[in-house]
Every structure is written in C-alpha cells, then in structure tokens.
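Visitor: Per our numbering, residue 105 is the first one in the sequence shown, and the count goes up by one each step.
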Amino acid sequence: MSAHYDIAIVGGGIIGLACAYYLRQAGREVCVVDQGRIGRGASHANCGLVTPSHALPLTQPGMVTKGLKWMLRGDSPFYIKPDLDLGKFLWLLKFANRCNTGDMLAAMHGRKAILDSSRQLYDELFAAHDMDCEWHDEGVLFVFKHAAGMHGYEQTNALLAEHNLAATPLTGTALHQREPALLDDVYGAWHYPMDAHLKPDKLVSEWLRVIREMGVTIREDFRVGGIDRHTLYAARDEIHADRIILATGAWSAKLNRALGCRIPIEPGKGYSMTFTQPRQPVKIPCLFQEVKMVATPFDTGYRLGGTMEFAGFDESINETRLGAIRRSAGQYLREPEGAEITETWHGWRPMTWDGLPIIDQAPRRPHILIVAGHNMLGLSMAPATGKLAAELITGEAPHIDREPYRYARKFA
Ligand SMILES: Cc1cc2nc3c(=O)[nH]c(=O)nc-3n(C[C@H](O)[C@H](O)[C@H](O)COP(=O)(O)OP(=O)(O)OC[C@H]3O[C@@H](n4cnc5c(N)ncnc54)[C@H](O)[C@@H]3O)c2cc1C
105 MSAHYDIAIV GGGIIGLACA YYLRQAGREV CVVDQGRIGR GASHANCGLV
155 TPSHALPLTQ PGMVTKGLKW MLRGDSPFYI KPDLDLGKFL WLLKFANRCN
205 TGDMLAAMHG RKAILDSSRQ LYDELFAAHD MDCEWHDEGV LFVFKHAAGM
255 HGYEQTNALL AEHNLAATPL TGTALHQREP ALLDDVYGAW HYPMDAHLKP
305 DKLVSEWLRV IREMGVTIRE DFRVGGIDRH TLYAARDEIH ADRIILATGA
355 WSAKLNRALG CRIPIEPGKG YSMTFTQPRQ PVKIPCLFQE VKMVATPFDT
405 GYRLGGTMEF AGFDESINET RLGAIRRSAG QYLREPEGAE ITETWHGWRP
455 MTWDGLPIID QAPRRPHILI VAGHNMLGLS MAPATGKLAA ELITGEAPHI
505 DREPYRYARK FA
C-alpha cells in the first residue's frame with residue numbers, strides 16, 4: 105500500500121515549504137515531494153531580499169525598448185536566446201503587451217498585497233520559531249551611480265509613496281555615512297526601510313526543520329511525472345492525496361500534459377556568486393540600478409547576483425555574464441569581492457508575463473492547486489502565498505483578496 109495524505113505538495117522550494125507550514129498548522133496531514141533535494145531550486149542561493157518595496161512589476165512603460173537595447177550587448181543584464189520556442193514567443197508577446205501604465209498599476213495592486221502580508225508574516229514566523237537565517241531588517245538601498253538616474257527615480261518614488269512605500273533619498277555625506285562601502289563617485293541612493301534580508305538557504309533548512317518537527321513528511325528524489333486524479337506518480341513510486349499543490353516553480357509548465365492545461369511560466373535564469381566577507385562589505389543590501397544587480401551582506405559571507413536570461417533550462421554558466429556582474433559591482437563598491445569564492449550558482453526564476461503568481465485551482469481539476477510563478481520575488485512573497493494556499497484548501501476566508509492570482513486571468 106502506498107502512502108496517503110490529506111495534502112501532497114509537489115516542489116520543496118520556499119513556496120512549497122510555506123504551503124506545508126500553514127497547512128500543517130491548520131491540522132492537515134502533509135507530504136512534500138521534490139524531484140531532487142529540498143530547497144535546491146531557485147530558493148537556494150538567490151539574493152536573499154525580502155522587499156515590499158518591489159511592488160512595481162517589470163512590465164513598465166518603456167521596458168520593451170530598454171530590453172531590446174540590452175539584447176544588443178553580450179554583457180547586459182538581460183538576454184533572450186533566439187530560438188523556435190513558440191511558447192516562449194507567445195509569453196514574450198504577452199509580456200510586451202503589458203508594458204503600459206494601466207496594466208503596471210493593476211499588477212502593482214496584487215503584488216503589494218502579497219508582499220506586505222508576507223513581510224508581516226515573516227515577523228510572526230520568527231517570533232513563533234527560533235530560526236537561524238541571518239535575518240536583518242534595516243532595509244535596502246536602491247543605488248544610482250549617476251545624478252540623472254537618481255533624479256529620474258523621483259517619479260517612481262512619488263508613485264510608490266502614494267501606496268505607503270516612500271523611500272528616503274540619500275546623497276553626499278548622508279549617503280556615504282550610511283553606506284561607507286560605496287565609491288566616492290556614487291551619486292545617490294533611495295533607502296527603503298520596510299525591506300529586509302536573510303540567507304535563503306538557511307531559511308530553507310530552518311523552515312524545513314520546523315515543518316518536520318510539526319509532523320510534515322518529506323520525500324526527496326521523487327520526480328512527479330504523472331498525475332491521475334488523486335495519485336502522484338514518480339518513476340518507481342506513487343503517493344495518494346485528497347488535495348494536491350503544485351509548487352513547482354520554473355518547472356511548472358513541464359506538468360502541462362499531466363495537468364491538461366497550460367501553465368504560462370517561463371524560466372528566467374539568474375546567477376549569483378558568494379564570497380567570503382570582504383574587509384569592507386556593504387552594511388545593508390544594495391541594488392545597483394543602472395546595472396540591475398545586487399550586493400547582499402550576510403553574517404557568514406557576501407553575495408553578488410543578477411541577470412535575466414530567457415534561454416530555457418540551459419545548464420551552462422555564461423562566463424561573460426558572470427564577468428559583467430563582477431565588473432558592475434566594481435563600478436559602485438570599494439571592495440566589490442571577498443578573497444574567496446565559496447559558491448557560483450544559477451537558478452531559474454518562475455516568470456509569469458504579468459509579474460503576479462498563480463495561486464488557484466487548475467481548470468477542471470478543483471482538487472489541484474497551482475501555486476507557482478513568483479517571478480523575482482518568491483522569497484518576498486512566500487509566507488502570504490503559503491497562508492493563502494492553506495486558506496483556499498481549508499475553506500477559511502482568504503486573508504488577502506485572491507482575485508489577482510487567479511489562473512483564468514492569464515487567458516482573459
Ligand atoms: C539570481 C536570483 C536572485 C533572486 N533574488 C531574490 C531575492 O532577493 N528576493 C526574492 O524574493 N526572490 C529572489 N529570487 C526569486 C526567487 O528565488 C524565486 O521566486 C523563488 O525561489 C521561487 O520559489 P519556488 O519554491 O516557487 O521555486 P523553487 O525554489 O525553484 O522550487 C521549486 C521546486 O520544485 C521542484 N520540482 C519541480 N518539478 C518537479 C516535479 N515534477 N516533481 C517534483 N519536484 C519538482 C524543484 O526541484 C524545486 O525544488 C531570485 C532568483 C534568482 C535566480
């Protein structure tokens with residue numbers, strides 16, 4: 105007899121773990137399965153930022169032109185591999201179509217609700233459980249090398265300020281006192297005090313420990329290839345569950361056939377390099393806006409990360425792009441790297457074309473919940489995602505409006 109659970113969660117990234125936590129809290133028997141090891145997907149070595157400030161989606165007016173310009177440079181932060189992938193082409197068309205003010209604001213509304221709730225739920229999570237994940241909540245800096253960029257951002261800040269997301273501008277001495285690691289010729293930064301950061305692999309292992317202690321079953325090396333109503337099939341094994349959650353991140357569309365519907369998620373590859381701490385690391389995370397990359401300080405190290413490649417599940421490491429990340433950091437920081445590289449990593453962000461996750465029943469399969477597509481913000485959106493998923497399953501009133509995360513909006 106193979107095992108039976110109330111809920112089977114496919115995918116042990118940060119989203120699957122968050123769902124498991126809130127469902128177990130609601131008294132359900134839960135099993136999380138993963139095709140490999142838990143937490144080795146995009147949730148492993150990302151930049152570690154928890155950013156309510158990122159309410160605006162990528163789909164902003166002017167983004168298509170900017171993207172096309174970046175495409176012409178091999179070391180730019182953005183790349184689309186030219187190929188005959190029709191799914192990717194249609195995804196890109198839909199993305200391009202959304203790059204207007206109305207759609208940007210609509211997406212902002214949905215992103216803000218889930219980001220704000222998650223930020224609050226992180227506080228509650230860490231109050232309830234002792235989790236050693238290097239959590240710091242002094243905010244992040246959006247850094248501009250040049251005055252034009254800093255001042256150009258005023259309009260965005262004004263828009264965000266209308267939604268309770270105002271940043272403090274820092275220039276001159278105020279900036280260099282706040283962040284002495286920046287080079288003297290860096291012009292300015294906007295400080296977002298509501299943001300925080302942590303070490304993502306440590307959060308994964310600590311949250312995993314907590315849910316195990318709560319009684320959640322974990323099955324690694326269980327790649328779900330087929331789903332037949334209440335049964336999940338792996339190569340030589342199967343499990344049964346009343347309800348199924350697909351928290352399969354960037355891999356979600358690989359289950360289209362098993363599910364009988366299209367999940368519009370494309371993998372968006374990014375890189376990170378982790379170092380031993382430099383002698384003068386940044387004190388708080390810095391997003392270098394002109395080059396679209398991040399430097400994050402940890403208690404136990406230091407990370408540079410960024411880039412977005414739409415090239416399918418290409419496993420190769422693009423040395424040009426890694427080199428660009430390192431060179432870009434050198435334009436902003438006195439000591440852009442630590443003495444030793446401890447990890448070079450790539451991960452696939454689960455990208456939807458409107459910047460919002462899908463948290464909804466699969467069409468014609470009401471017992472299956474799709475919980476995927478957290479784009480560049482899975483860490484920042486995880487707790488509220490898990491809570492909402494649990495509410496949709498238990499029938500409790502959703503703590504945030506569920507409408508923005510409906511599957512059907514994708515085809516509306
Ligand atoms: C370079 C980089 C930097 C980033 N920085 C940040 C940041 O600072 N802040 C932030 O909020 N977000 C950040 N992100 C985005 C964030 O990492 C993702 O949004 C988030 O990790 C997605 O979580 P997930 O659980 O959906 O996916 P994943 O962590 O990828 O987990 C999905 C899991 O599903 C499993 N799986 C897939 N298919 C199957 C199957 N058929 N059977 C069984 N298991 C399966 C996979 O093995 C995987 O473990 C960054 C991403 C990258 C790449």
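Virtual Cβ for every residue (Gly too), placed ideally from N, Cα, C.
Going by beta-carbon coordinates alone, are A544 and C123 separated by less than 8 Å?
Guide: Nothing can be reported for residue 544: it is not among the residues displayed for the chain, which extend from 105 to 516.
Visitor: Tell me which same chain residues have a C-beta within less than 6 Å of the C-beta of C237, skipping the five on either side of it?
Guide: Taking the sequence shown and counting its residues from 1, the one referred to as residue 237 is at position 133. If we look at C237 and ignore the five residues flanking it on each side, its Cβ neighbours are L302, K303, K306, L307, E310.
Visitor: Just confirm the distance between the C-beta atoms of G214 and Y509, as a whole number of angstroms; I'd bet it's less than 8 Å.
Guide: In the sequence shown, residue 214 corresponds to position 110, counting from 1. In the sequence shown, residue 509 corresponds to position 405, counting from 1. Right, their Cβ atoms sit about 7 Å apart.
Visitor: How long is the line joining the alpha carbons of D332 and V247, rounded to whole angstroms?
Guide: Numbered from its first residue, the sequence shown carries residue 332 at position 228. Numbered from its first residue, the sequence shown carries residue 247 at position 143. If you take the alpha carbons of D332 and V247, they lie about 50 Å apart.
Visitor: Sorted by chain position, which residues of the same chain lie with C-beta nearer than 6 Å to L363's C-beta, five sequence neighbours on each side aside?
Guide: Residue mapping note: residue 363 aligns to position 259 of the sequence shown, counting from 1. Correct list, in chain order: A466.
Visitor: Is the Cβ of V244 closer than 8 Å to any Cβ of chain D?
Guide: In the displayed structure, chain D is absent; only one protein chain is listed.
Visitor: Helix, strand or coil: which one does DSSP assign to K373?
Guide: Looking up residue 373 in the sequence shown gives position 269. K373 falls in the strand class under three-state DSSP.
Visitor: Where does A516 fall in DSSP's three states?
Guide: Here residue 516 corresponds to residue number 412 of the sequence shown, with the count starting at 1. Because the pLDDT at A516 is just 41, under 50, the model does not fix this residue reliably, and the point stays unresolved.
Visitor: Looking at ligand 1, does it come within less than 7 Å of A300, judged from the CB to the closest heavy atom?
Guide: As a position in the sequence shown, residue 300 is number 196, starting the count at 1. For ligand 1, not one heavy atom lies less than 7 Å from the Cβ of A300.
Visitor: Got a sec? Which residues, its chain only, sit under 7 Å from P385 by beta carbon, not counting five neighbours each side?
Guide: Here residue 385 corresponds to residue number 281 of the sequence shown, with the count starting at 1. Excluding residues within five positions, the ones whose Cβ falls inside 7 Å are A285, P401, Y406.
Visitor: Would you say the beta carbon of P522 comes nearer than 7 Å to a heavy atom of ligand 1?
Guide: Lying before the first or after the last residue shown, residue 522 is absent from the chain, which here runs from 105 to 516.
Visitor: Where does W449 sit, in a helix, a strand or coil, going by DSSP?
Guide: As a working mapping, residue 449 is identified with position 345 in the sequence shown. In the structure shown, W449 sits in a strand (DSSP, three-state: E or B).
Visitor: Three or more beta-carbon pairs under 8 Å between the segment 443-461 and the segment 328-343, yes or no?
Guide: Short answer: they don't touch.
Visitor: Near F515, what residues of its chain come up, given a Cβ to Cβ distance below 8 Å and the 5 sequence neighbours on each side ignored?
Guide: For the purposes of this step, residue 515 is identified with residue 411 of the sequence shown, where counting begins at 1. Reliability fails at F515, whose pLDDT of 48 lies under 50, so the model's placement of it is uncertain and the value that follows must be treated cautiously. Excluding positions up to five away in sequence, the list is empty.
Visitor: Quick check: is any heavy atom of ligand 3 less than 7 Å from the C-beta of G490?
Guide: Although ligand 3 was asked about, the structure shown includes only ligand 1 as ligands.
Visitor: With a cut-off of 8 Å on the beta carbons, I'd call D110 and P156 a contact; round off their distance for me.
Guide: For the purposes of this step, residue 110 is taken as the residue at position 6 of the sequence shown. For the purposes of this step, residue 156 is taken as the residue at position 52 of the sequence shown. Contact doesn't hold; Cβ gap of about 32 Å is too wide.
Visitor: How should K491 be labelled, buried or exposed, when 16 other C-beta atoms within 10 angstroms of its C-beta is the threshold for buried?
Guide: Counted from its first residue, the sequence shown places residue 491 at position 387. Buried, since its Cβ has 16 or more Cβ neighbours within 10 Å.
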